[in-house]
Amino acid sequence: MLSVISSEIGVISKKLIDLGVLALRQRNSRGNFKPHVSIRFRNNAGELRTFSIDTTRSPGKQPQPDAYLITHAHSDHHGKSAMLSPRAVCTDKTATALEIRHDRKYVGSMCRLGDEIEIEGVRVKTYPTAHTAGAAAFYWENDVGTRILVTGDVKNASKLPPCDVLITEANYGDPEDPSCHFADDLESMKCALFESGPVAFGAYEFGKAQRAVELMRGFGYEGAIRMEARTRALTRSMLEDAGELAGIDSRGEDEVFVVAPWDLDKLPRNVKKYVLSCRADYPYPIIKISDHLDACGLEDMVRKLTPEVTLVYHPGGHRPSKFSKHLNSIGIDSISIDQIGNVLSNEFI
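Oh and the sequence shown: position 102 is 102 in the UniProt record's numbering, straight run, nothing missing.
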(Lines of atoms letter the chains of each structure in order from A and count residues from 1; the text may use other names and numbers.)
(Lines give C-alpha, C1' and ligand atoms only; values in the text may rest on other atoms or scores of the structure.)
Protein backbone atom coordinates (compact mmCIF):
# COMPACT_ATOMS: atom_id res chain seq x y z
CA MET A 1 0.00 0.00 0.00
CA LEU A 2 2.83 2.40 0.90
CA SER A 3 4.46 1.86 -2.50
CA VAL A 4 1.16 2.64 -4.24
CA ILE A 5 0.81 5.88 -2.29
CA SER A 6 4.43 6.84 -3.03
CA SER A 7 3.85 6.16 -6.72
CA GLU A 8 0.77 8.41 -6.71
CA ILE A 9 2.72 11.19 -4.97
CA GLY A 10 5.49 10.85 -7.53
CA VAL A 11 3.03 11.18 -10.42
CA ILE A 12 1.49 14.32 -8.91
CA SER A 13 4.95 15.78 -8.17
CA LYS A 14 5.97 15.25 -11.80
CA LYS A 15 2.72 16.89 -12.87
CA LEU A 16 3.68 19.96 -10.87
CA ILE A 17 7.12 20.05 -12.47
CA ASP A 18 5.54 19.67 -15.92
CA LEU A 19 3.53 22.78 -15.03
CA GLY A 20 6.78 24.61 -14.30
CA VAL A 21 6.30 24.62 -10.53
CA LEU A 22 8.55 23.14 -7.84
CA ALA A 23 7.25 22.98 -4.28
CA LEU A 24 9.92 22.72 -1.62
CA ARG A 25 10.50 23.13 2.08
CA GLN A 26 13.53 25.14 3.11
CA ARG A 27 15.58 24.42 6.21
CA ASN A 28 16.62 26.76 9.01
CA SER A 29 20.12 27.15 10.44
CA ARG A 30 19.58 24.08 12.65
CA GLY A 31 18.71 21.91 9.67
CA ASN A 32 15.01 21.63 10.51
CA PHE A 33 12.24 22.36 8.03
CA LYS A 34 11.00 25.94 8.20
CA PRO A 35 7.23 26.46 8.54
CA HIS A 36 5.06 26.02 5.49
CA VAL A 37 6.30 25.98 1.91
CA SER A 38 8.19 27.71 -0.90
CA ILE A 39 7.39 27.73 -4.61
CA ARG A 40 10.09 27.85 -7.30
CA PHE A 41 9.25 28.77 -10.90
CA ARG A 42 10.47 30.89 -13.81
CA ASN A 43 9.13 34.31 -14.72
CA ASN A 44 8.31 35.40 -18.27
CA ALA A 45 11.96 36.25 -18.91
CA GLY A 46 12.96 32.69 -17.96
CA GLU A 47 14.57 33.76 -14.69
CA LEU A 48 14.27 31.42 -11.71
CA ARG A 49 12.21 32.85 -8.83
CA THR A 50 11.34 31.58 -5.36
CA PHE A 51 8.36 32.75 -3.30
CA SER A 52 8.21 31.62 0.33
CA ILE A 53 4.69 31.41 1.72
CA ASP A 54 3.70 32.24 5.31
CA THR A 55 7.07 31.29 6.72
CA THR A 56 9.85 32.67 8.88
CA ARG A 57 12.80 34.60 7.53
CA SER A 58 15.99 32.86 6.59
CA PRO A 59 19.10 34.19 8.38
CA GLY A 60 20.80 36.93 6.41
CA LYS A 61 23.79 34.78 5.44
CA GLN A 62 21.56 32.09 3.94
CA PRO A 63 20.05 32.24 0.44
CA GLN A 64 16.94 34.40 0.42
CA PRO A 65 13.72 33.91 -1.56
CA ASP A 66 12.60 36.61 -3.92
CA ALA A 67 9.56 37.24 -1.69
CA TYR A 68 8.07 36.29 1.65
CA LEU A 69 4.34 36.27 0.91
CA ILE A 70 2.32 36.96 4.08
CA THR A 71 -1.35 36.12 3.54
CA HIS A 72 -2.51 37.62 6.85
CA ALA A 73 -1.35 38.61 10.32
CA HIS A 74 -2.17 35.55 12.44
CA SER A 75 0.86 34.21 14.28
CA ASP A 76 0.74 30.75 12.69
CA HIS A 77 1.51 32.44 9.36
CA HIS A 78 4.76 33.84 10.77
CA GLY A 79 4.46 37.49 9.77
CA LYS A 80 6.19 38.48 13.02
CA SER A 81 9.39 37.14 11.53
CA ALA A 82 8.84 37.86 7.83
CA MET A 83 7.74 41.48 8.42
CA LEU A 84 11.35 42.40 9.24
CA SER A 85 12.56 41.48 5.75
CA PRO A 86 12.52 43.99 2.88
CA ARG A 87 11.42 41.02 0.75
CA ALA A 88 8.13 40.69 2.67
CA VAL A 89 4.92 41.28 0.70
CA CYS A 90 1.42 41.77 2.11
CA THR A 91 -1.54 44.15 2.02
CA ASP A 92 -1.49 47.49 3.81
CA LYS A 93 -4.01 46.29 6.41
CA THR A 94 -1.98 43.17 7.12
CA ALA A 95 1.12 45.33 7.56
CA THR A 96 -0.75 47.59 9.99
CA ALA A 97 -2.05 44.62 11.96
CA LEU A 98 1.45 43.15 12.20
CA GLU A 99 2.83 46.45 13.50
CA ILE A 100 0.09 46.80 16.14
CA ARG A 101 0.28 43.17 17.25
CA HIS A 102 4.08 42.93 17.47
CA ASP A 103 5.15 46.56 18.08
CA ARG A 104 7.63 46.37 15.21
CA LYS A 105 8.03 48.30 11.98
CA TYR A 106 6.98 46.47 8.83
CA VAL A 107 9.82 46.95 6.32
CA GLY A 108 8.57 45.06 3.25
CA SER A 109 6.39 45.97 0.27
CA MET A 110 2.64 46.37 0.52
CA CYS A 111 -0.38 46.92 -1.68
CA ARG A 112 -4.09 47.48 -1.26
CA LEU A 113 -6.25 44.39 -1.37
CA GLY A 114 -7.25 43.77 -4.98
CA ASP A 115 -4.21 45.53 -6.44
CA GLU A 116 -1.21 44.07 -8.26
CA ILE A 117 2.40 44.27 -7.22
CA GLU A 118 5.48 43.45 -9.30
CA ILE A 119 8.05 41.16 -7.69
CA GLU A 120 11.25 40.54 -9.64
CA GLY A 121 9.50 40.56 -12.99
CA VAL A 122 6.38 38.73 -11.76
CA ARG A 123 2.99 40.44 -11.75
CA VAL A 124 1.21 39.26 -8.59
CA LYS A 125 -2.51 40.01 -8.11
CA THR A 126 -4.21 39.95 -4.71
CA TYR A 127 -7.73 38.69 -3.99
CA PRO A 128 -9.83 38.80 -0.79
CA THR A 129 -10.41 35.66 1.27
CA ALA A 130 -12.50 37.33 4.05
CA HIS A 131 -10.55 35.47 6.73
CA THR A 132 -9.34 38.66 8.44
CA ALA A 133 -9.32 42.31 7.41
CA GLY A 134 -6.63 42.59 4.75
CA ALA A 135 -6.23 38.84 4.29
CA ALA A 136 -5.10 38.20 0.71
CA ALA A 137 -4.70 35.37 -1.74
CA PHE A 138 -1.80 35.81 -4.17
CA TYR A 139 -2.12 34.93 -7.88
CA TRP A 140 0.48 34.91 -10.65
CA GLU A 141 1.49 33.09 -13.84
CA ASN A 142 4.85 31.50 -14.62
CA ASP A 143 6.76 31.40 -17.90
CA VAL A 144 4.62 28.60 -19.37
CA GLY A 145 1.34 30.24 -18.39
CA THR A 146 0.60 28.11 -15.32
CA ARG A 147 -1.79 30.00 -13.06
CA ILE A 148 -0.67 29.76 -9.43
CA LEU A 149 -2.94 30.73 -6.52
CA VAL A 150 -1.95 30.86 -2.84
CA THR A 151 -4.96 31.38 -0.61
CA GLY A 152 -3.85 31.39 3.01
CA ASP A 153 -6.89 30.76 5.23
CA VAL A 154 -10.27 31.26 3.57
CA LYS A 155 -13.71 32.26 4.81
CA ASN A 156 -15.23 33.21 1.45
CA ALA A 157 -13.83 31.87 -1.83
CA SER A 158 -16.35 33.56 -4.13
CA LYS A 159 -13.88 36.14 -5.47
CA LEU A 160 -10.94 33.78 -6.03
CA PRO A 161 -9.93 33.11 -9.66
CA PRO A 162 -9.60 29.71 -11.35
CA CYS A 163 -6.07 28.34 -11.31
CA ASP A 164 -3.83 25.47 -12.40
CA VAL A 165 -1.91 25.08 -9.14
CA LEU A 166 -3.78 25.78 -5.91
CA ILE A 167 -1.87 26.16 -2.64
CA THR A 168 -4.38 26.23 0.20
CA GLU A 169 -5.31 25.42 3.80
CA ALA A 170 -7.15 22.66 5.65
CA ASN A 171 -7.92 24.07 9.09
CA TYR A 172 -11.26 22.24 8.98
CA GLY A 173 -10.37 19.89 6.15
CA ASP A 174 -11.03 16.48 7.72
CA PRO A 175 -14.37 15.34 6.26
CA GLU A 176 -14.63 12.50 8.80
CA ASP A 177 -14.40 14.82 11.81
CA PRO A 178 -17.84 16.14 12.88
CA SER A 179 -16.20 19.31 14.23
CA CYS A 180 -15.15 20.14 10.66
CA HIS A 181 -18.77 20.53 9.55
CA PHE A 182 -20.54 23.69 10.70
CA ALA A 183 -22.47 26.78 9.74
CA ASP A 184 -22.31 30.19 11.43
CA ASP A 185 -25.03 30.52 14.08
CA LEU A 186 -25.80 34.18 13.54
CA GLU A 187 -29.22 33.97 15.16
CA SER A 188 -27.81 32.73 18.48
CA MET A 189 -25.27 35.54 18.54
CA LYS A 190 -27.97 38.11 17.81
CA CYS A 191 -30.21 36.73 20.58
CA ALA A 192 -27.31 36.76 23.07
CA LEU A 193 -26.43 40.33 22.12
CA PHE A 194 -29.90 41.68 22.85
CA GLU A 195 -30.54 39.75 26.06
CA SER A 196 -31.03 42.04 29.06
CA GLY A 197 -27.94 42.66 31.14
CA PRO A 198 -24.26 42.80 30.23
CA VAL A 199 -22.87 40.25 27.79
CA ALA A 200 -19.36 39.29 26.74
CA PHE A 201 -18.15 37.47 23.64
CA GLY A 202 -14.83 35.63 23.72
CA ALA A 203 -12.95 36.29 20.48
CA TYR A 204 -9.30 36.44 19.45
CA GLU A 205 -8.00 40.02 19.31
CA PHE A 206 -7.28 39.93 15.59
CA GLY A 207 -9.74 38.56 13.09
CA LYS A 208 -12.56 37.19 15.23
CA ALA A 209 -12.91 40.37 17.34
CA GLN A 210 -13.30 42.54 14.23
CA ARG A 211 -15.82 40.12 12.76
CA ALA A 212 -17.75 40.20 16.01
CA VAL A 213 -17.96 44.00 15.79
CA GLU A 214 -19.06 43.87 12.14
CA LEU A 215 -21.79 41.37 13.00
CA MET A 216 -23.05 43.34 16.00
CA ARG A 217 -23.26 46.55 13.98
CA GLY A 218 -25.04 44.59 11.27
CA PHE A 219 -27.54 43.32 13.85
CA GLY A 220 -28.35 46.95 14.68
CA TYR A 221 -26.44 47.36 17.94
CA GLU A 222 -25.29 50.99 18.17
CA GLY A 223 -23.90 51.16 21.71
CA ALA A 224 -20.32 51.05 22.91
CA ILE A 225 -18.36 47.82 22.58
CA ARG A 226 -15.75 47.41 25.29
CA MET A 227 -12.34 45.95 24.50
CA GLU A 228 -8.75 45.84 25.67
CA ALA A 229 -6.52 48.58 24.25
CA ARG A 230 -4.75 46.56 21.56
CA THR A 231 -7.98 44.98 20.34
CA ARG A 232 -9.49 48.47 20.08
CA ALA A 233 -6.48 49.70 18.11
CA LEU A 234 -6.72 46.78 15.71
CA THR A 235 -10.47 47.19 15.28
CA ARG A 236 -10.27 50.93 14.62
CA SER A 237 -7.49 50.38 12.09
CA MET A 238 -9.21 47.50 10.30
CA LEU A 239 -12.86 48.66 10.21
CA GLU A 240 -14.14 51.93 8.77
CA ASP A 241 -17.49 51.75 10.59
CA ALA A 242 -16.59 50.16 13.91
CA GLY A 243 -18.74 52.62 15.84
CA GLU A 244 -18.05 53.49 19.47
CA LEU A 245 -15.29 51.39 21.05
CA ALA A 246 -14.45 51.86 24.71
CA GLY A 247 -12.15 50.55 27.40
CA ILE A 248 -12.80 47.42 29.38
CA ASP A 249 -13.09 49.06 32.80
CA SER A 250 -16.65 50.44 32.83
CA ARG A 251 -19.43 48.37 34.38
CA GLY A 252 -22.92 49.35 33.23
CA GLU A 253 -26.26 47.56 33.11
CA ASP A 254 -26.39 46.52 29.45
CA GLU A 255 -22.81 46.71 28.30
CA VAL A 256 -21.21 44.58 25.62
CA PHE A 257 -17.66 43.24 25.84
CA VAL A 258 -15.37 41.54 23.35
CA VAL A 259 -12.38 39.94 25.08
CA ALA A 260 -10.04 37.02 24.51
CA PRO A 261 -11.70 33.72 25.48
CA TRP A 262 -9.20 33.18 28.32
CA ASP A 263 -10.07 36.62 29.76
CA LEU A 264 -13.80 35.98 30.14
CA ASP A 265 -13.30 34.80 33.72
CA LYS A 266 -11.87 38.24 34.59
CA LEU A 267 -15.27 39.85 34.02
CA PRO A 268 -17.90 40.05 36.80
CA ARG A 269 -20.19 37.09 37.46
CA ASN A 270 -23.30 38.96 36.29
CA VAL A 271 -21.90 39.22 32.74
CA LYS A 272 -23.29 36.53 30.44
CA LYS A 273 -20.31 34.92 28.71
CA TYR A 274 -20.06 33.19 25.34
CA VAL A 275 -17.19 32.09 23.09
CA LEU A 276 -17.39 32.69 19.34
CA SER A 277 -15.79 29.54 18.01
CA CYS A 278 -16.35 26.13 16.45
CA ARG A 279 -14.12 24.51 19.08
CA ALA A 280 -15.77 22.68 21.96
CA ASP A 281 -13.02 22.89 24.60
CA TYR A 282 -14.03 26.15 26.31
CA PRO A 283 -15.79 26.27 29.71
CA TYR A 284 -18.43 28.68 28.39
CA PRO A 285 -21.35 28.29 25.96
CA ILE A 286 -20.19 28.18 22.35
CA ILE A 287 -21.77 30.20 19.56
CA LYS A 288 -20.53 28.81 16.27
CA ILE A 289 -18.94 31.70 14.42
CA SER A 290 -15.92 30.79 12.30
CA ASP A 291 -13.45 32.67 10.13
CA HIS A 292 -12.83 29.56 8.03
CA LEU A 293 -14.62 27.42 5.50
CA ASP A 294 -15.66 24.03 6.85
CA ALA A 295 -14.79 20.72 5.17
CA CYS A 296 -17.61 20.96 2.62
CA GLY A 297 -16.76 24.60 1.91
CA LEU A 298 -13.11 23.76 1.29
CA GLU A 299 -14.04 20.97 -1.11
CA ASP A 300 -16.48 23.27 -2.93
CA MET A 301 -13.74 25.90 -3.23
CA VAL A 302 -11.32 23.44 -4.83
CA ARG A 303 -13.95 22.19 -7.26
CA LYS A 304 -14.83 25.79 -8.23
CA LEU A 305 -11.20 26.79 -8.84
CA THR A 306 -10.53 23.69 -11.03
CA PRO A 307 -6.80 23.27 -10.33
CA GLU A 308 -4.76 20.54 -11.97
CA VAL A 309 -2.87 20.07 -8.68
CA THR A 310 -3.77 21.17 -5.15
CA LEU A 311 -1.05 21.54 -2.53
CA VAL A 312 -2.35 21.64 1.06
CA TYR A 313 0.19 23.49 3.21
CA HIS A 314 -1.54 24.57 6.43
CA PRO A 315 -2.03 24.07 9.41
CA GLY A 316 0.35 21.81 11.36
CA GLY A 317 -0.73 18.33 12.32
CA HIS A 318 -2.75 15.82 10.30
CA ARG A 319 -5.39 18.04 8.69
CA PRO A 320 -3.43 18.85 5.48
CA SER A 321 -2.83 15.15 4.88
CA LYS A 322 -6.46 14.29 5.64
CA PHE A 323 -7.80 16.90 3.23
CA SER A 324 -5.28 16.00 0.52
CA LYS A 325 -6.21 12.31 0.76
CA HIS A 326 -9.88 13.24 0.52
CA LEU A 327 -9.26 15.29 -2.62
CA ASN A 328 -7.40 12.40 -4.22
CA SER A 329 -10.26 10.06 -3.32
CA ILE A 330 -12.70 12.20 -5.33
CA GLY A 331 -10.41 12.49 -8.34
CA ILE A 332 -8.64 15.79 -7.61
CA ASP A 333 -4.84 15.48 -7.72
CA SER A 334 -3.37 16.70 -4.45
CA ILE A 335 -0.31 16.49 -2.21
CA SER A 336 0.18 17.78 1.34
CA ILE A 337 3.04 19.61 2.96
CA ASP A 338 4.23 16.54 4.90
CA GLN A 339 4.95 14.81 1.57
CA ILE A 340 6.98 17.61 0.01
CA GLY A 341 10.28 17.28 1.84
CA ASN A 342 10.34 13.54 1.27
CA VAL A 343 9.59 13.58 -2.46
CA LEU A 344 10.63 16.79 -4.15
CA SER A 345 14.23 17.90 -4.45
CA ASN A 346 15.46 21.46 -4.09
CA GLU A 347 16.68 21.60 -7.68
CA PHE A 348 14.42 22.68 -10.51
CA ILE A 349 14.36 20.02 -13.21
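Even glycine gets a Cβ: it sits at the ideal position worked out from N, Cα and C. Every value quoted in this text rests on a predicted model; they were computed, and no experiment measured them.
_First and last residue of the uninterrupted alpha helix (DSSP H) at residue 390_ = Here the chain covers residues 1 to 349 and nothing more, so residue 390 does not appear.
_Tell me the DSSP secondary structure of A233 in three-state form._
helix
*Can you tell me whether W140 is buried or exposed, with buried defined as 16 or more other CB within 10 angstroms of its CB?*
buried
*Hey, how far is the Cα of V4 from the Cα of Q339?*
With a pLDDT of 44 at V4, under the threshold of 50, the predicted position of this residue should be treated as unreliable, and no value is reported.
_Using a 10 Å radius around the Cβ and a threshold of 16 neighbouring Cβ atoms, would you call F297 buried or exposed?_
Note on identity: in this sequence residue 297 is Gly, with Phe being the wrong assignment. Under this definition G297 is a buried residue.
*Would you say the stretch 87 to 103 touches the stretch 27 to 35, given that touching needs at least three Cβ pairs under 8 Å?*
no
_Under DSSP, the beta strand (DSSP E) around M301 begins and ends at which residues?_
From DSSP, M301 is part of no beta strand (DSSP E) but of the alpha helix (DSSP H) over 295 to 305.
*Which of the three DSSP states, helix, strand or coil, is assigned to F219?*
coil
*Paired residues, beta bridge with Y68 - DSSP*: S52, A88.
*Which ranges does the beta strand (DSSP E) cover as unbroken runs of at least 3 residues, wholly within the stretch 132 to 172, from first to last along the chain?*
136 to 141, 147 to 150, 165 to 169
*Contact check, A82 vs I70, beta carbons under 8 Å*: yes
*Straight-line Cα distance separating A97 from I167*: Their backbone Cα atoms lie some 24 Å apart in a straight line.
*Three-state secondary structure (DSSP) of E195*: coil
_Is it buried or exposed, N142, if we count other Cβ atoms within 10 angstroms and call 16 or more buried?_
buried
*Got a sec? Which residues, its chain only, sit under 6 Å from V275 by beta carbon, not counting five neighbours each side?*
The residues are G202, P261, Y282, Y284, I286.
_Quick check: what's the CA-CA separation for M301 versus D294?_
Distance from the CA atom of M301 to the CA atom of D294, rounded to whole angstroms, is 10 Å.
*Going by beta carbon distance, what residues of the same chain come within less than 7 Å of A23, once the five residues before and after it are set aside?*
Apart from the 5 residues on each side of it in sequence, A23 sits with its Cβ closer than 7 Å to the Cβ of L16, V37, I39, L311, I340, L344 in its chain, given in chain order.
*asked:* According to DSSP, is V259 part of a helix, a strand, or is it coil?
replied: strand
*asked:* Between which two residues does the alpha helix (DSSP H) holding A82 run?
replied: 79 to 82
*Would you say I54 and E120 are within 8 Å of each other, going by their C-beta atoms?*
In the sequence under discussion, the amino acid at residue 54 is Asp, which differs from the Ile named in the question. Not a contact, by the Cβ cut-off of 8 Å.
*asked:* For A50 and L19, I'd like the C-alpha separation in whole angstroms.
replied: A quick correction: the sequence has Thr, not Ala, at residue 50. Whole-angstrom Cα-Cα distance: 15 Å.
*Quick one, which of R226, V213, E176 has its alpha-carbon nearest A133's?*
Nearest option by C-alpha distance: V213.
*To the nearest angstrom, how far is it from the Cα of V122 to the Cα of N43?*
Taking the straight line from one Cα to the other gives about 6 Å.
*Note down, in chain order, each residue of its chain lying with its Cβ closer than 7 Å to the Cβ of R319, except the 5 sequence neighbours on either side.*
A170, N171, G173, D174
*Residue burial classification, I225 (beta-carbon count within 10 angstroms, cutoff 16)*: Around the beta carbon of I225, 16 or more other beta carbons sit within 10 angstroms, so the residue counts as buried.
*Taking the continuous alpha helix (DSSP H) assigned at R319, which residues delimit it?*
319 to 329
*S188 to L264 span [Cα, whole Å]*: 19 Å
*Roughly how far, in whole angstroms, is the beta-carbon of I149 from the beta-carbon of A137, given that I think they are within contact range, below 8 Å?*
In the sequence as displayed, the identity of residue 149 is Leu instead of Ile. Correct: roughly 6 Å between the Cβ atoms.
*Mark P307 as exposed unless 16 or more other C-beta atoms lie within 10 angstroms of its C-beta, in which case mark it buried.*
buried
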